[in-house]
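Residue numbers (the numbering used here): 29 to 99.
What follows is a single structure, written as structure tokens, with notes after it.
Dropping the structure here:
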């Protein structure tokens, strides 16, 4: 999490007050998921069934490419 430039507070903030959200898929389980976006385009993906965080974008990588499972 820290290696990708996120803190627990950052994750809580985007989950509670996203700039946008989009449907996604937890590739490990096939469960529906939701991607929660910050205004700068970085995101957190949470599994809709388990509520586990399954992906976070890398805020330290200017060339980060969004997962194609996010619609």
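Positions of the beta carbon are idealized from the N, C-alpha and C atoms, including for glycine.
In this structure residue 29 does not touch residue 98 by the C-beta definition: roughly 19 Å separates them, more than the 8 Å allowed. In this structure, 55 is the residue among 40, 36, 33, 55 with its C-alpha nearest to the C-alpha of residue 75. In its chain, beyond the 5 residues on either side, 65, 66, 67 have a beta carbon closer than 7 Å to the beta carbon of residue 47. Around residue 34, the same chain offers 84, 87 as residues with beta carbons nearer than 7 Å, after the five sequence neighbours per side are excluded. Shown here, residue 75 sits in a strand according to DSSP, grouped into three states. In this structure, residue 77 places its C-beta atom within 7 Å of the C-beta atom of residue 59.
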